[in-house]
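Residue numbers (UniProt numbering): 1 to 1119.
Structural data, given as structure tokens:
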């Protein structure tokens, strides 16, 4: 439960009615109690039709009479209409509806426990993009996301302390009671765990429990209502056992049992199977509810970045002041992250409004310790103004509250009862006084039945007070609370503050859940002299630390060096920040900024610093590339193990050719299994970890926390065994993956059959599947056919290139393609030994179902003219929407080209990319194509005609067409054709046309000399603004041709970014011309490729001088 927003029930309205209880049982059989340790949800009993109808009728007409229901709702409105005064910081109660802002709530996938300290969880959440999760409005948490989803009976809502879980509950109840939402629910019963704790030793029935808290409903037959909702707020505060395996089964609402038995049977669905259940919890306690009992997990994420700013602008009316506060917090990453928690926003606003707004002397808080210490001082000073007390009394109050905070923190308690207070020497009267004068720190609350519970406003305030208590006990009594004295020798030993710090660090580090992490930051921060001076205004410190913080800093650095887990070291870096020691972090920042990290031999503590710097940098960690951090001193796998937290914080991770083996795969599986991981794209291509590596990775993919959307495992050399491990994992967790690349692994037909079974899973959402070079034959194609036919399949892209499919395999695929359920948009069948026979089957299928396919690649198959004629019948179909067609190296002549162009003239408007390279259709074929290009309806953007035996004559026809319709073509590749200078002169006439928008021109090995280059550059001078890439490699341009090109490059309107000039017989003279041009116009060229030319040292020196000069943007230079 969130202590920032406790329930404030009004117990004045009570209805005196005679209690009527019906002894009804939902269980089949004579006994209503049995053991149930196998499954979580028992099947609901079948009711007789007449009984069901009469119950429903009775419910609506007599059992809950309208005036009683109205009265009940009015009482709920009174209890929940006001927001907690602590948050609003106002004297008068504020209506929740006036200030409520929809909190960011997202759908999760598992109720599994997250053992990290909640501040760490907030830091991890801050790195997630908002687009990664499914947002859900508070009032819609029981509504399925789609019509196909099953009804939701039970919801578990997680969130760190103070994030707004209880506010969400409060708003849900209020909207229902006011008749605004969820009116299909007949009754709502809020039953906070802190209230149920007080009933843990009592035996009573479910009806008696409800009547105890809600006397208004005594005459209601709960069993007869269609839909009731039980809200159990604050699972983390539960103080009785929840044993779902060994608890007796209870089905009768009138049968007595202990509270935990009632609760477990309600959640399981044994009691009131139709009842809705909503449980809220801090993350660490969420695993108490078995996942089988939870239909939906949601997470309250608090404020996102825009909501943080909105909060400060609403909270502080002076907009200039609110802007200064926002700017200050944004400049301090660790504080700004904490502002995800609404309570921390309130604390920051309270402190910074006073310090920045009232010109209060003193340093503006930059650390958590400073912020919380200032907050405590402000609250104590408010108390002094209201109540005249001596300083000693203030000290006594802080010490008593600090003792309570420390003792309960060590026990893991967030709420306290009378017995807890008595253990710390606080009696009930004193507690009431404290809660009266310290309302912003400590609270006494009245439960649903006027019972008292106590809590600090927020866990972080408890942690700060606990740290202050440990610090003051040392200062005033020279006692280390972490050490229990066992003999006189220890008693006589003079304790130093370093002893206390060491003990605290040593106790915090091994903690599995990091529950002392924030406490440790506060404790170390309080030892700074500046913070001790601040504390003197509110507490008496009789001792002196007589200690340089450098000793503590040295000890922490030692621990960072010893600690093999970067995760554990992160909090130690936060501790260094609280101690104002930035040396290690600044050293690493210098390495990262200078680009010298790969040349440096880093120590283990420096690697931990790399993790901390990358995680706390202001830029969101979007893509992690392991090869940026590897060097000769560390293997890629060793670096990966050190930087795992950074991988988990990244959206994309690339590990291409990193030689990862089983150890690296196991480490990545741990990242994928982490709840805080935001990894969505993982590229492990060319790691060759074989079946053994795949088996190590599979458990991570299987974990419900894994939300990978793209997985690339190209050329990892695994076979059937590895494929079995992968498909088993995807069968268990199929719903997130959208793209899977398994190319270059020898899966064979058996592997494809396993994959097909995954694809047919109704929960599988895979859209892109690449199986290039996987040893697939027609048998594998047959398995894929059933996938293509399925209306449940999401597959839109399939790559089976370079497999032994042959015509028989294509026939199987065609049977799937002709099915109206097939949604395939991209089909790649390059080099699959397909002939015109297979092409005929394929085109027959596409004629039946032509509207989905957008891209078809049949390159390197012997289709010949007959196959292309079959394809042409599809292309001329007006329903055909094909945008990309690749028929490279298909043995097509001018006859096939004529058939193709005839079809395109009939239906020219969809095709955007056409690749007919390496087909010998000569000038005659190009003339046919030109007739299509001339058509004003033709929208072709990319045309590739490499090595098609085209001469200047064909080039003339092509350019004539482009002059008529120049505005669409963006890429033209005529490489390896005998165009010569005459052909280039024709092309130049197109390029100088102001309507020409060509961006990429490739003319490799076209027998062009400096004369042709001169014509080309002359055209470019006339129209220089569109071309971005020019490739003239393998042409004898010589220095004279390069000088012509240089004249274009120095034109300020030239936007050329890539220039490739391999084998162009260029010397230093040509390089000098290029360098001079780039100095004149340095802003665009990014890539210059001069491989295999006669460039000497002077030419290289000129060009590399430009690359190394930051005034130029040349990034890629190859000479």
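Just so it is clear, CB atoms sit at the ideal spot from N, CA and C, and this is done for glycine as well.
Check                                                                                                                           : Outcome
Whether residue 1089 touches residue 1060 by CB criterion (8 Å)                                                                 : yes
Minimum C-alpha distance to residue 215 - residue among 712, 231 and 189                                                        : 189
Contact between the stretch 671-691 and the stretch 728-735 (3+ Cβ pairs under 8 Å)                                             : no
DSSP state of residue 137 mapped onto helix, strand, coil                                                                       : coil
Residue 1035 and residue 1008 closer than 8 Å at C-beta                                                                         : yes
Residue 409 versus residue 524 - alpha carbon distance                                                                          : 17 Å
Contacting residues, own chain, Cβ-Cβ under 6 Å from residue 839 (five flanking each side not counted)                          : 863, 867 and 870
Per-residue burial, residue 1031 [other beta carbons within 10 Å of its own, 16 or more giving buried]                          : buried
Terminal residues of the alpha helix (DSSP H) in which residue 963 lies                                                         : 952-964
Simplified DSSP state of residue 790, which is helix, strand or coil                                                            : coil
Opening and closing residue of the alpha helix (DSSP H) in which residue 521 lies                                               : 517-526
Per DSSP, the bridge partner or partners of residue 828                                                                         : 799 and 857
Residue 185 - DSSP class collapsed to helix/strand/coil                                                                         : coil
Nearest to residue 1039 (by Cα), restricted to the options 1012, 1014, 1069 and 1026                                            : 1069
Span of the beta strand (DSSP E) around residue 652                                                                             : 652-654
Residue 656 beta carbon less than 8 Å from that of residue 636                                                                  : no
Bridge partner(s) assigned by DSSP for residue 769                                                                              : 740 and 798
8 Å Cβ cutoff, residue 305 in contact with chain D                                                                              : Annotation note: the requested chain D is absent from the structure, which comprises a single protein chain.
Cβ neighbours of residue 325 in the same chain (closer than 8 Å, five flanking residues each side left out)                     : 312, 316, 348, 349, 352, 353 and 356
Burial state of residue 195 (16 or more Cβ within 10 Å)                                                                         : buried
Close-in-space but distant-in-sequence residues of the same chain around residue 915 (CB under 6 Å, 5 per side omitted)         : 886, 888 and 944
Same chain, Cβ closer than 6 Å to residue 1022, neighbours up to 5 away in sequence not counted                                 : 992
Beta bridge counterpart(s) of residue 936 as assigned by DSSP                                                                   : Note: residue 936 sits in no beta bridge, so no partner.
Contiguous alpha helix (DSSP H) assignments of at least 4 residues, all confined to the stretch 144-215                         : 165-177, 193-196 and 206-213
Segment contact, 8 Å Cβ cut-off, at least three pairs: the stretch 195-209 with the stretch 146-163                             : no
Short Cβ contact (8 Å threshold) for residue 932 with residue 901                                                               : yes
Minimum C-alpha distance to residue 834 - residue among 603, 820 and 860                                                        : 860
DSSP-derived helix/strand/coil call for residue 1116                                                                            : strand
Minimum C-alpha distance to residue 238 - residue among 173, 276, 453 and 330                                                   : 453
Cut-off 8 Å between Cβ atoms - residues of its own chain near residue 659, not counting five sequence neighbours on either side : 635, 636, 637, 687 and 688
Whole-Å CB distance - residue 247 paired with residue 267, under 8 Å assumed                                                    : That pair is no contact at about 10 Å.
Proximity below 8 Å, CB of residue 71 to CB of residue 177                                                                      : no
Presumed contact (8 Å Cβ cut-off) between residue 955 and residue 979, rounded CB distance                                      : 5 Å
Boundaries (first-last residue) of the alpha helix (DSSP H) holding residue 557                                                 : 549-562
Three-state secondary structure assigned by DSSP to residue 488                                                                 : Because residue 488 sits at a pLDDT of 47, beneath the cut-off of 50, its placement in the model cannot be relied upon, and the following sentence gives the value as read from the coordinates. Residue 488 falls in the helix class under three-state DSSP.
Contact under 8 Å by Cβ, residue 508 with residue 516                                                                           : yes
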